[in-house]
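Enquirer: Residue numbers (this note's numbering): 40 to 130. Note that beta-carbon positions come from the ideal geometry of N, C-alpha and C, so glycine has one too. I'd like to ask you about the structure that follows.
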Ligand SMILES: [Zn+2]
């Protein structure tokens, strides 16, 4: 017994038809982008990736600062506990 090929199912969510709209280069805000372009020129693309790196760096800096603050709080708590423990051992 052989079953015929089932109808290909359309995946949930469906395929989005690409919206063709003239977009502007987000870097120089002058030239329009073609197709899948994310920047109008190599120069703008480089500038864009530079901005992205800077953004990521900033986010990481904020994260590191938050972790440092947290570490400082933990350190203060550890110091307090240590002092408490020393006192308990001495008495
Ligand atoms: Zn550009």
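1) What does the alpha-carbon distance come out to for the pair residue 69 and residue 98?
2) Can you have a look at residue 83 and say buried or exposed, based on whether 16 or more other CB atoms are within 10 angstroms of its CB?
3) Tell me the DSSP bridge mates of residue 62?
4) Roughly how many whole angstroms lie between the Cα atoms of residue 117 and residue 100?
Expert: Once the coordinates are examined:
1) 28 Å
2) buried
3) 72
4) 25 Å
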